[in-house]
Each structure stands twice: as C-alpha cells, then as structure tokens.
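Participant: Below you will find the structure I want to go over with you.
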Amino acid sequence: MKVTVFGIGYVGLVQAAVMAEVGHDVVCVDVDQNKVDKLKQGHIPIFEPGLTPLVKSNYEAGRVDFTIDAARGVAHGEVIFIAVGTPPDEDGSADLKYVLSVANTVAEHMDSHKIIINKSTVPVGTADKVSAKVSETLASLGKNLTFDVVSNPEFLKEGAAVNDCMRPDRIIIGTDSELAEKTLRELYSPFNRNHDKIIIMDIRSAELTKYAANCMLATKISFMNEMANLAELMGADIENVRRGIGSDPRIGYQFIYPGCGYGGSCFPKDVQALVRSATGVGYSAKVLEAVEAVNYAQKEKLFEYIMRHFGDDVKGKTVAIWGLSFKPNTDDMREASSRVLMENLWKAGAKVRAYDPEAMEETQRIYGSRDDLSLVGTKEAALDGADFMVICTEWQAFRAPDFELIKEKLAIPLIFDGRNLFEPSTMLEHGLHYYAIGRGLSVKGQ
159 MKVTVFGIGY
169 VGLVQAAVMA
179 EVGHDVVCVD
189 VDQNKVDKLK
199 QGHIPIFEPG
209 LTPLVKSNYE
219 AGRVDFTIDA
229 ARGVAHGEVI
239 FIAVGTPPDE
249 DGSADLKYVL
259 SVANTVAEHM
269 DSHKIIINKS
279 TVPVGTADKV
289 SAKVSETLAS
299 LGKNLTFDVV
309 SNPEFLKEGA
319 AVNDCMRPDR
329 IIIGTDSELA
339 EKTLRELYSP
349 FNRNHDKIII
359 MDIRSAELTK
369 YAANCMLATK
379 ISFMNEMANL
389 AELMGADIEN
399 VRRGIGSDPR
409 IGYQFIYPGC
419 GYGGSCFPKD
429 VQALVRSATG
439 VGYSAKVLEA
449 VEAVNYAQKE
459 KLFEYIMRHF
469 GDDVKGKTVA
479 IWGLSFKPNT
489 DDMREASSRV
499 LMENLWKAGA
509 KVRAYDPEAM
519 EETQRIYGSR
529 DDLSLVGTKE
539 AALDGADFMV
549 ICTEWQAFRA
559 PDFELIKEKL
569 AIPLIFDGRN
579 LFEPSTMLEH
589 GLHYYAIGRG
599 LSVKGQ
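For the sequence shown, the working numbering gives the first residue as 159, with consecutive numbering after it.
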C-alpha cells in the first residue's frame, strides 16, 4: 500500500520505518531539508533501540524515502498520516497549527480521494477541524474531491517504540467511513495476525482514548509519589507498600514506582492539554489538575533533600549526576527531572558533573558550554572531584555500581537517589549516606 507520512519526528519516523518493514511503500515528508539529507545518509536524529537499522535497511531497499516535496508526498499516498508536533500553547492547550498546515497542504495538492489519518496526539474535535480545513481549501481551489479523516492515535513508549509499533496491544481506529475502515484493516493486517487488535469506534472517542490512556498512567505515577511522600512522613517504606499493592491484580506493578517525577514529550503535555480541553467544555478536571501539581512538586524533591542536608547552602559544591534523559533507553530530555535539579543547583551556586549513556549531546544542545556544567564520558568519571552524587534516571548500567569506588571518589559519601535503585541496608553496609524517595528520610552508613 502506498503510504505518506507528514512529519519525521519521533512518531512519524517509527511509524514509517515499521510500515516499510512489512512491505508498504512509504514516503516521508518534512520541512527540514537538513533532516531529510541526514536520514538519507543513515543519520537518525533520535535515539530509539532498533530504529537505526530499521530505517537504514528499508531506505536501502527502496521501501521508504524522505523528501521536502509535499506535492510528491500527497501524490504518492492513498493513505496520508499526519504525525507532526502538537506543542503546548501558552495556556497548556495543544497547538494545532502544524496539523492544520498539513491538512491545508494535502488539500492543495490532492487530485483523488485521500484517507487522512491523524496520528499526532490531538484534542477531541481535531478531526472536525482537519475536515473543515481540507474542505475549505478544496472549495477555494474549485476542486470537487472526496476524502476521509480518521483518528488513529499512537501508543508508543519511548525506549520500546519499535517493538510497540511492530506488536501493538491495540490499534484504535476512529472513523464512520466503511472505505476508511476497510483500507486501514488492510494497512494494519501484518500487525493483526495473532488475534484481532483493531478496535473501531467513533472519531471523538478515539481522540479521547489517547489522552485518557496517558493521563491514567500519569495519574498512577503521581498517586504513587503522593504515597511515597506520606510514607516518608509516617515512617513507612514505600517499596514495601508498592509490593503490597502491586500484588493486587486490579492494581498491578506497572507505573507504581515512586521517583522524582515524570517527564518526556507525552505525559506532561497531554495532562495539561486534557485539563485545558475540560475547561473549554465547562468542566474542572480536579484529578488531572492534582496529577500535574503533584508531579511539578515531585521534580523539586531531590533539590529539597539536598538543601535540607546542607542547611540550604551548596555554594561551591560539585555534584555528580547519573542520568539526564527523562527515562532510560532514550536521549529525550523534554520535561526531564534532571533539568529541574541542575537549574536549581546552578542558581544555588553549585557545579554539575554529569553522565548519561545517550543524552549527552542533547544536554549540550540545550545548555551549551558553561563553566558550571561538565559532561563526562563515564559514570565513574562523573564522580571525579564531586562532593556527592545524585541519580535522576534508572539506566540499567547504574543498578549495580562499585559502591566502594563511589565512596572512595566522593568527598562526602552521600547519594541522593531519585529512582530508588538501591536498598538502604546495602548503602548502610557500604558506609554511604543514602536518601531515597519515600523510604525514610535517609540512612547513614559508618
């Protein structure tokens, strides 16, 4: 099937590569000539496990191509995905200018029936706006053409996006068109062989499903962080509580790990957008407002621990930070807890020595060169000359470190752990002073 994807960002590139892998003929359109050139040379702009070889092999096989020629893209695709960004506007609502710009572009160049698929995360009612934009542009050009607009949200986890796309839990299709349903069933048939994963629903329900899914997961995280804060004040251990409630199959173990707050391109933006959408229909989404407020406060937690320990004075201190990306297996630092911590430390006069397996270039891009930030090549090098250390991201490589080396290198044998990677008793045995989230204020080794 001939497929066009507008937007070669995180969602668009993964979707295009996986569609090509199963045999579809894919053209990707973007406005960034530099990005297109680099993709053709095999340089992938994001880190995502398994994505680079997938893109390279399918480009070399001629199943996926990259262009800035919108007319070519529209002419090519019987199915056209809109996978452009929907950044938060000033009030937190999703900005649809890029989505509607693509809708306008498709209408300008189309000369036959097209199925236009909203893959971007968009508010309820966006499909209506896309339809209106396409109809308006067609009318202004005197074109009498038909089209369908479908909501087909993505459910990809950064760090596991290729696998999620190849083996989806569900394929949500929002449409009232028999032709669009038939076409998308054919498009997704390679991913639907084991059992029927396709769920057909009305367009507005499909649009809300995406937001509801992400907001539910964010709610679990903020709830667990709230429990962690209570456990700390009540003298309980949140890890015991987590195991106790996770054993209930109605709750489960996923997304109930306390920590220093969630980040990334989805949860913060989508919670804000749904809150604003609720306001737009006259409803106050109190639970979601609380989810956002708890997460905002939780990102300050590590700095609060540090300032409490040092009597509000860290001026001149050097801090080793392990982990900069918002989660493991990605280089994405959007809304990352590490950013809140580093910026607070700098304001307080401290310096940072940081290491991350993948997010070093992104950190450099965001902050540039500055005297109070050193980006180093290994987690051990981050400890050199540091007074104490902080863990912001639960990378696998951080889970079993050499504690004796840590103690030897740090001026103060002190760890602030924003992801609860270690057992307090183990830290005690190694003579390390250890702060974790919701596990008692701290344990102090000898």
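Ideal Cβ positions, reconstructed from N, Cα and C, are used throughout, including at glycine.
Just so we're clear, the structure is a prediction, and the values are computed from it rather than from any experiment.
Give me, in chain order, the residues of the same chain whose beta-carbon lies closer than 7 Å to that of S335; leave out the 5 immediate sequence neighbours on both sides.
Facilitator: By one-based count along the sequence shown, residue 335 stands at place 177. Cβ neighbours of S335 beyond the five flanking positions: D306.
Participant: Where do the ends of the alpha helix (DSSP H) carrying T367 lie?
Facilitator: Locating residue 367 in the sequence shown gives position 209, where the first residue counts as 1. Following the DSSP letters along the chain, one finds T367 inside the alpha helix (DSSP H) bounded by residues I361 to M392.
Participant: Determine the DSSP secondary structure at I570, reduced to helix, strand or coil.
Facilitator: As a working note, residue 570 is residue 412 in the sequence shown. If DSSP states are grouped into helix, strand and coil, I570 belongs with coil.
Participant: Return the chain-ordered list of same chain residues with a C-beta closer than 7 Å to the C-beta of F615, the five sequence neighbours on each side being excluded.
Facilitator: Given that the chain is displayed from residue 159 to residue 604, the structure contains no residue 615 and the question cannot be resolved.
Participant: Answer with buried or exposed for D453, where buried requires no fewer than 16 other C-beta atoms within 10 angstroms of its C-beta.
Facilitator: In the sequence shown, the residue the question calls residue 453 occupies position 295. For clarity, residue 453 is Asn in the given sequence; the question names Asp instead. Residue burial annotation: N453 is buried, with at least 16 other C-beta atoms found within 10 angstroms of its C-beta.
Participant: Counting beta carbon pairs with one atom in the region 381–400 and one in the region 410–427, are three or more of them shorter than 8 Å?
Facilitator: Yes: at least three Cβ pairs fall under 8 Å.
Participant: What's the gap between the Cα of P245 and the Cα of V260?
Facilitator: As a first step, residue 245 is located in the sequence shown; it is residue number 87 there, counting from the start. As a first step, residue 260 is located in the sequence shown; it is residue number 102 there, counting from the start. The alpha-carbon atoms of P245 and V260 are separated by roughly 15 Å.
Participant: So F224 and I273 are in contact, right, with Cβ under 8 Å, and what is the actual spacing, rounded?
Facilitator: Taking the first residue of the sequence shown as 1, we reach residue 224 at position 66. Taking the first residue of the sequence shown as 1, we reach residue 273 at position 115. In this structure F224 is not in contact with I273, their Cβ atoms being roughly 22 Å apart against a cut-off of 8 Å.
Participant: Checking 8 Å against the spacing of the C-beta atoms, do R434 and D286 come in under that value?
Facilitator: The sequence position of residue 434 within the sequence shown is 276, counting from 1. The sequence position of residue 286 within the sequence shown is 128, counting from 1. Not a contact, by the Cβ cut-off of 8 Å.
Participant: Put K291 into one of helix, strand or coil per three-state DSSP.
Facilitator: For the purposes of this step, residue 291 is taken as the residue at position 133 of the sequence shown. K291 falls in the helix class under three-state DSSP.
Participant: At what residues does the beta strand (DSSP E) containing K160 begin and finish?
Facilitator: As a first step, residue 160 must be located in the sequence shown, where it is residue number 2. Taken as a continuous stretch (DSSP letters only), the beta strand (DSSP E) holding K160 covers K160 to F164.
Participant: Which residues share a DSSP beta bridge with K272?
Facilitator: For this step, residue 272 is matched to residue 114 along the sequence shown. Answer is F305, bridged to K272.
Participant: Give the straight-line distance between the Cα atoms of D327 and G402, rounded to the nearest whole angstrom.
Facilitator: Indexing the sequence shown from 1 puts residue 327 at position 169. Indexing the sequence shown from 1 puts residue 402 at position 244. Going by C-alpha positions, D327 is about 27 Å away from G402.
Participant: Would you kindly report the start and end of the unbroken alpha helix (DSSP H) that includes C186?
Facilitator: The residue you call residue 186 lines up with position 28 of the sequence shown. Not the alpha helix (DSSP H): C186 falls in the beta strand (DSSP E), residues D183 to V187.
Participant: Tell me whether M547 is buried or exposed, calling it buried when 16 or more other Cβ atoms sit within 10 Å of its Cβ.
Facilitator: Taking the first residue of the sequence shown as position 1, residue 547 is located at position 389. M547 comes out buried.
Participant: Take every Cβ of the region 498–510, pair it with every Cβ of the region 465–473, and state whether three or more of those distances are shorter than 8 Å.
Facilitator: yes
Participant: Go ahead and pull the three-state DSSP assignment for H591.
Facilitator: Looking up residue 591 in the sequence shown gives position 433. Note: H591 maps to strand in three-state DSSP.
Participant: In or out: N352 buried (at least 16 other Cβ within 10 Å) or exposed?
Facilitator: Position 194 of the sequence shown, counted from the start, is the residue given in the question as residue 352. N352 comes out exposed.
Participant: Cβ of T279 within 7 Å of any heavy atom in the ligand MG?
Facilitator: As presented, the structure is devoid of all ligands, the ligand MG included, so that no description of it is given.
Participant: Please classify W647: does DSSP put it in a helix, a strand, or coil?
Facilitator: No answer is possible for residue 647: the residues shown for the chain start at 159 and end at 604.
Participant: Where does the unbroken alpha helix (DSSP H) through K315 begin, and where does it stop?
Facilitator: The residue given as residue 315 occupies position 157 in the sequence shown. Counting along the chain, K315 sits inside no alpha helix (DSSP H), nor does DSSP assign it H or E at all.
Participant: Can you give me the C-alpha to C-alpha distance between D395 and G598, rounded to a whole angstrom?
Facilitator: The residue you call residue 395 lines up with position 237 of the sequence shown. The residue you call residue 598 lines up with position 440 of the sequence shown. Going by the C-alpha atoms only, they are around 6 Å apart.
Participant: Comparing alpha-carbon positions, which option in H271, Y513, R221 and P348 lies nearest I238?
Facilitator: For the purposes of this step, residue 238 is taken as the residue at position 80 of the sequence shown. Distance check between I238 and each of H271, Y513, R221 and P348 places H271 closest, using alpha-carbon atoms only.
Participant: Answer yes or no: do D618 and K567 have a C-beta to C-beta separation smaller than 8 Å?
Facilitator: There is simply no residue 618 to check, as the chain begins at 159 and stops at 604 in what is shown.
Participant: Tell me the DSSP secondary structure of D223 in three-state form.
Facilitator: Taking the sequence shown and counting its residues from 1, the one referred to as residue 223 is at position 65. In the structure shown, D223 sits in a strand (DSSP, three-state: E or B).
Participant: Would you kindly work out how many angstroms separate the C-alpha atoms of G200 and L212, rounded to a whole number?
Facilitator: For this step, residue 200 is matched to residue 42 along the sequence shown. For this step, residue 212 is matched to residue 54 along the sequence shown. If I take the Cα positions, the gap works out to 10 Å.
Participant: Which runs of the beta strand (DSSP E) fall wholly inside the region 431–488 and span at least 3 residues, in chain order?
Facilitator: You should have 476–480.
Participant: Counting along the chain, where does the alpha helix (DSSP H) carrying M547 start and finish?
Facilitator: Sequence index remark: in the sequence shown, residue 547 carries index 389 (1-based). Counting along the chain, M547 falls outside any alpha helix (DSSP H), though it belongs to the beta strand (DSSP E) covering F546 to I549.
Participant: What is the residue span of the alpha helix (DSSP H) that A228 lies within?
Facilitator: The count along the sequence shown starts at 1 and reaches residue 228 at position 70. Segment A228 to H234, the alpha helix (DSSP H) holding A228.
Participant: Is it a yes or a no for the region 547–562 touching the region 576–595, going by three-plus beta-carbon pairs under 8 Å?
Facilitator: Judged by Cβ distances under 8 Å, the region 547–562 makes contact with the region 576–595, as three or more pairs qualify.
Participant: Taking 8 Å as the threshold (C-beta atoms), are I464 and A540 in contact?
Facilitator: Counted from its first residue, the sequence shown places residue 540 at position 382. Counted from its first residue, the sequence shown places residue 464 at position 306. When the beta-carbon positions are compared, A540 and I464 stay at least 8 Å from each other.
Participant: Judging by CA-CA distance, which residue of S532, G181, V184 and I549 is the nearest neighbour of V510?
Facilitator: What you label residue 510 is simply residue 352 of the sequence shown in a count that begins at 1. Checking every option, the nearest Cα to that of V510 belongs to S532.
Participant: How far does the alpha helix (DSSP H) with L254 in it reach, from first residue to last?
Facilitator: As a first step, residue 254 must be located in the sequence shown, where it is residue number 96. First-last for L254: undefined, no H or E at that position.
Participant: DSSP three-state call for A512: helix, strand or coil?
Facilitator: Counting from 1 along the sequence shown, the entry for residue 512 is found at position 354. Of the three classes helix, strand and coil, the one that applies to A512 here is strand, per DSSP.
Participant: Who are the Cβ neighbours of V288 in its own chain at under 8 Å, not counting the five residues just before and after it?
Facilitator: In the sequence shown, the residue the question calls residue 288 occupies position 130. Closer than 8 Å at the Cβ level, and outside the excluded window around V288, lie I240, V257, L258, A261, I274, N276 and V307.
Participant: Can you tell which of M177, C323 and E312 has the C-alpha that lies nearest to the C-alpha of K160?
Facilitator: On the sequence shown, residue 160 is found 2 positions in, with the first residue counted as 1. Comparing Cα positions, the closest option is M177.
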